[in-house]
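A.B. asks: Residue numbers (our numbering): 1 to 73.
Sharing a structure here in structure tokens format.
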């Protein structure tokens, strides 16, 4: 499970998950949300993941489900 939430200081978004080594990553700029989603999908390439994007009021505005690409030979 990944969460993309706007920062309280209004300087981008945080990507939050227990799967991340430090718990959260900060993204800024015009493509901050897309970059955070891309990183979460890349990080979960061997297993499934749900990525939820929240607005400033705490409502879910987007949900992305990523299925892992892991294949046994």
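Every residue gets a Cβ at the ideal spot worked out from N, C-alpha and C, and that includes glycine.
At which residues does the alpha helix (DSSP H) containing residue 45 begin and terminate?
C.D. replies: To locate residue 45, count along the chain shown from 1; it is residue 45. Neither: residue 45 is in no alpha helix (DSSP H) and is coded neither H nor E.
A.B. asks: Going straight from the alpha carbon of residue 54 to that of residue 15, what length do you get?
C.D. replies: Your numbering for residue 54 matches position 54 in the chain shown. Your numbering for residue 15 matches position 15 in the chain shown. Near 11 Å, if we compare the C-alpha coordinates of residue 15 and residue 54.
A.B. asks: When you compare only the Cα positions, how much space is there between residue 56 and residue 6?
C.D. replies: Working through the chain shown from its first residue, we reach residue 56 at position 56. Working through the chain shown from its first residue, we reach residue 6 at position 6. Approximately 6 Å, taken between the alpha carbons.
A.B. asks: Have a look at residue 43 and residue 67 and give me their C-alpha separation to the nearest angstrom.
C.D. replies: The count along the chain shown starts at 1 and reaches residue 43 at position 43. The count along the chain shown starts at 1 and reaches residue 67 at position 67. Rounded to the nearest angstrom, the two C-alpha atoms are 12 Å apart.
A.B. asks: From residue 65 to residue 31, what distance separates their C-alpha atoms?
C.D. replies: One-based indexing of the chain shown puts residue 65 at position 65. One-based indexing of the chain shown puts residue 31 at position 31. Taking the straight line from one Cα to the other gives about 20 Å.
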